[in-house]
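Participant: Input: one structure, supplied below.
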Amino acid sequence: MAISIKQRGKKYTFTFYYKDENGINRQQYEAYSNLDKADERAKMIEFLKWKNDDKTLLQLVNEYNANKAGTKTKHYSKNDNMCKTFSEFIWAWAQRHAHKVRMKPSSYAGLKRNIRNHIEPYFGKMIVSKITPETIEDFFFQLSQKKCRGAKSYKKSEDQIPTLKGSSLMKVFNIIRPAFRDAETWGYTKRNPISSDQAPAYKYAKRKFWKKEQVQHALEKINDPVLHLAVHLAFMCNMRPGEVVGTDAEGIDLANKYFQISQALQRVETEALEELAQDDIIRIFPKKKPDAKTVMILKKPKTEKSERKGFLNMKLCEEIEKRLQQIEQDKRYYGKDYHDYGLLLCFPNGDPIEPRTMDKRFKKWQKSDGVSAEDVIDMQGLRKSATMYKLRLTNYDVQVVGGEGGQTSASTILDHYDEVLEEDRRKLSIQVENDFYGRLKQKRVTEDFDLRRLFKELVEQPDLAKKLYACLPVLQKAT
1 MAISIKQRGK
11 KYTFTFYYKD
21 ENGINRQQYE
31 AYSNLDKADE
41 RAKMIEFLKW
51 KNDDKTLLQL
61 VNEYNANKAG
71 TKTKHYSKND
81 NMCKTFSEFI
91 WAWAQRHAHK
101 VRMKPSSYAG
111 LKRNIRNHIE
121 PYFGKMIVSK
131 ITPETIEDFF
141 FQLSQKKCRG
151 AKSYKKSEDQ
161 IPTLKGSSLM
171 KVFNIIRPAF
181 RDAETWGYTK
191 RNPISSDQAP
201 AYKYAKRKFW
211 KKEQVQHALE
221 KINDPVLHLA
231 VHLAFMCNMR
241 PGEVVGTDAE
251 GIDLANKYFQ
261 ISQALQRVET
271 EALEELAQDD
281 IIRIFPKKKP
291 DAKTVMILKK
301 PKTEKSERKG
311 FLNMKLCEEI
321 EKRLQQIEQD
331 KRYYGKDYHD
341 YGLLLCFPNG
351 DPIEPRTMDK
361 RFKKWQKSDG
371 VSAEDVIDMQ
381 GLRKSATMYK
391 LRLTNYDVQV
401 VGGEGGQTSA
411 STILDHYDEV
421 LEEDRRKLSI
431 QVENDFYGRL
441 KQKRVTEDFD
451 LRRLFKELVE
461 QPDLAKKLYA
471 CLPVLQKAT
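Numbering-wise (the UniProt record's numbering), the sequence shown opens with residue 1 and increments by one.
As structure tokens, then:
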């Protein structure tokens, strides 16, 4: 396929794919100030791709990136950091940054994944001090054209694979912005090349939720006792999926109808776990496979405010009591093979249920129940459903609802739970109509009433006067 050259401002640009040292397909973006040079370069690349000469093509790509980054330029700075490449800087920065902001293992794993997949392939060999605002602009333009990999590209032709979403670009921006800020502080560059107005624009995808009636239907129809309790807890106590499956059975006080939400289950990468402090980790569960790269952990909740009391109603107390009785039966049945981790929701042998596994169970039930695709929600969607329901029930008492769900601030609630239901807007329309037009109708009736004309009609129509007189007792009783 011929390479398409596009004009962007005063430059002529194009993109193409090549294979790196490990044989992985990478996207290359190149820009030239002269159309002839761009055309000549594009034809050379097309020829090498036609010959399947991946080695020579890779060499050309590396030479272009090296020249662009200024790796062939001599540096006379006394500060050695000014001569270092982005790869040398970013990995040293990543671990320090994770410790500084007390990053959770899952967040740290995501940080490393974004650096490895999106950031390092572009900036890796560049000298940090040579990266300019224009380089940043080119990077985000190229990233916006990058095709998704994994499940989104499975069994699809190249033209069917979607490009990265704006939310993915924003995650990358939120990594390189503090990275370059620290690069300036540490002496890797004299000037931070990133400004806040370079943040990529993107539309926030709002999570789907259910109305009260939909949750009631689910609780009436779900037969799986573990899934039923999970859904019941998630909605009634505004719990996150990890908090639901991490519920401590020993922290439940049925007599006083409350329990402690003080831990959450999560799967994390072993490598990320080893590189960070384990202050917030309560338990590391044994691996099912010795060579597994991930492990299940029981940790403290997401934020300090997330540690809270969950208050139980009578229905929940009854269901939890049955669940505790079932756990005792399972303990007797499995004997020494029962793994007692003190979890309320677990497999029959006591092993923890991963949040993702519970989520799959919930979606599988929705499919079997005939829930339409646009109405299918995940376990986190139940938390949103609960928050929106309670906001309306309390007439938007943000403080109470925030305490119930462990949200960090009122702005968090208003930013993420601000959808207006259609019936709310319809009620408002009726209220406006009654308030605004009601007074006009009352005024019109007053103006149209003429006592003299009424007496005249009664005199001219004796039958009408008799009928009106006959109705007076009924009117008196009504008033």
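We treat Cβ as the ideally placed atom computed from N, Cα and C, and that holds for glycine.
Does the Cβ of Ala2 lie closer than 7 Å to at least one heavy atom of the ligand COA?
Facilitator: In the structure shown, the ligand COA is absent, as is every other ligand, since no ligand is present at all.
Participant: Across which residues does DSSP place Phe16 in a beta bridge pair?
Facilitator: Beta-bridge pairing links Phe16 to Gln28.
Participant: CB Thr163 to CB Cys148, shorter than 8 Å?
Facilitator: It is a contact, given that the beta carbons lie within the stated cut-off.
Participant: For the alpha helix (DSSP H) that contains Arg41, what are its first and last residues?
Facilitator: Run containing Arg41: Leu35 to Trp50, per the alpha helix (DSSP H) assignment.
Participant: Kindly indicate the opening and closing residues of the beta strand (DSSP E) around Gly310.
Facilitator: Taken as a continuous stretch (DSSP letters only), the beta strand (DSSP E) holding Gly310 covers Arg308 to Phe311.
Participant: Nearest by alpha-carbon distance to Gln95: which of Phe86, Thr13 and Tyr108 is it?
Facilitator: Answer by Cα proximity: Tyr108.
Participant: Where DSSP assigns a beta bridge to Arg102, which residues make up the other side?
Facilitator: Its beta-bridge partners do not exist; DSSP assigns none.
Participant: In this structure, how does DSSP classify Lys331 when only helix, strand and coil are distinguished?
Facilitator: Three-state DSSP puts Lys331 in a helix.
Participant: Buried or exposed for Phe362, going by 16 or more other Cβ atoms inside 10 Å?
Facilitator: Counting Cβ neighbours within 10 Å, Phe362 comes out buried, since at least 16 surround it.
Participant: Does the stretch 292-308 come close enough to the stretch 356-373 to have 3 or more Cβ pairs within less than 8 Å?
Facilitator: Flag = no, the stretch 292-308 and the stretch 356-373 do not touch.
Participant: Going along the chain, which residues of its own chain have a beta-carbon closer than 8 Å to the beta-carbon of Glu354, five neighbours each way excluded?
Facilitator: Contacts found: Val245, Leu265, Arg267 and Met296.
Participant: With respect to the beta strand (DSSP E) encompassing Ala264, which residues constitute its N-terminal and C-terminal limits?
Facilitator: That run of the beta strand (DSSP E) goes Ala264 to Glu269.
Participant: Would you call Arg181 buried or exposed, if buried means 16 or more other Cβ atoms sit within 10 Å of its Cβ?
Facilitator: It is exposed - the Cβ of Arg181 has fewer than 16 other Cβ atoms within 10 Å.
Participant: Tell me whether Phe89 is buried or exposed, calling it buried when 16 or more other Cβ atoms sit within 10 Å of its Cβ.
Facilitator: It counts as buried.
Participant: If contacts are defined as beta-carbon pairs under 8 Å, then Glu63 and Ser87 qualify, I think. What distance do you get, rounded to the angstrom?
Facilitator: Going by Cβ atoms, the distance from Glu63 to Ser87 rounds to 18 Å, so no, they are not a contact pair.
Participant: I'd like the list of long-range same chain contacts for Ser153, defined as Cβ closer than 7 Å, with 5 residues on each side in sequence excluded.
Facilitator: Cβ within range, chain order: Lys147 and Ile161.
Participant: Alpha carbon to alpha carbon, how far is Glu374 from Ile222?
Facilitator: Approximately 20 Å between the Cα atoms of the pair.
Participant: For Phe362, report the span of its alpha helix (DSSP H) as first-last.
Facilitator: Pro355 to Ser368 is the extent of the alpha helix (DSSP H) around Phe362.
Participant: Under the rule that 16 or more other beta-carbon atoms within 10 Å means buried, what is residue 482, buried or exposed?
Facilitator: A query on residue 482 cannot be resolved here, the shown segment of the chain reaching from 1 to 479 and no further.
Participant: Only counting the same chain, and skipping five residues up and downstream in sequence, which positions put a Cβ closer than 6 Å to that of Pro105?
Facilitator: Here the set comprises Val268, Ala272, Leu273 and Leu276.
Participant: DSSP three-state label for Asp340, please.
Facilitator: If DSSP states are grouped into helix, strand and coil, Asp340 belongs with coil.
Participant: Do the stretch 230-238 and the stretch 312-332 touch if we need at least three Cβ pairs shorter than 8 Å?
Facilitator: Cβ pair count under 8 Å is three or more, so yes.
Participant: Just grab the DSSP bridge partners of residue 484 for me.
Facilitator: The displayed coordinates of the chain run from 1 to 479. Any statement about residue 484 would go beyond what the structure contains.
Participant: Using 8 Å as the threshold, is the C-beta distance between Val128 and Lys68 below it?
Facilitator: No, the pair does not count as a contact, with Cβ atoms beyond the cut-off.
Participant: From Pro348 to Ala230, what distance separates their C-alpha atoms?
Facilitator: Each residue's Cα considered, the two are about 15 Å apart.
Participant: Which word fits Trp210, buried or exposed, when buried means at least 16 other C-beta atoms lie within 10 angstroms of its C-beta?
Facilitator: When all chains shown are included, Trp210 counts as buried.
Participant: Going by Cα to Cα distance, which pick from Asn65, Glu46, Glu243 and Ser167 is closest to Tyr122?
Facilitator: Nearest option by C-alpha distance: Asn65.
Participant: Quick check: what's the CA-CA separation for Leu57 versus Leu48?
Facilitator: Cα to Cα, the separation comes out at about 6 Å.
Participant: To the nearest angstrom, report how far apart Ser77 and Phe139 are at their CA atoms.
Facilitator: Low confidence applies to Ser77: its pLDDT is 45, below 50, so where it sits in the model is not reliable, and the reading given next is rough at best. The alpha-carbon atoms of Ser77 and Phe139 are separated by roughly 26 Å.
Participant: From what residue to what residue does the beta strand (DSSP E) around Lys299 run?
Facilitator: It spans Thr294 to Lys299 - the beta strand (DSSP E) in which Lys299 sits, taken as one unbroken run.
Participant: May I have a chain-ordered list of the alpha helix (DSSP H) segments no shorter than 4 residues that lie completely inside the stretch 207-272?
Facilitator: Those alpha helix (DSSP H) runs which fall completely within the stretch 207-272 and span 4+ residues are 212-221, 225-236 and 241-245.
Participant: DSSP three-state call for Thr185: helix, strand or coil?
Facilitator: Residue state, collapsed to three classes: helix.
Participant: Output the boundary residues of the beta strand (DSSP E) element that contains Ile282.
Facilitator: Ile281 to Ile284 is the extent of the beta strand (DSSP E) around Ile282.
Participant: Give me the Cα-Cα distance between Asp20 and Gln28, rounded to the nearest whole angstrom.
Facilitator: Cα to Cα, Asp20 sits roughly 11 Å from Gln28.
Participant: Cutting at 6 Å between CB atoms, please list the residues of its own chain near Ser262, excluding the five before and the five after it.
Facilitator: Around Ser262: Glu307.
Participant: Looking only at its own chain, which residues have a Cβ that is under 7 Å from the Cβ of Ile284, when we skip the five neighbours before and after it?
Facilitator: For Ile284, where only same-chain residues beyond five positions count, the Cβ hits under 7 Å are Val295 and Ile297.
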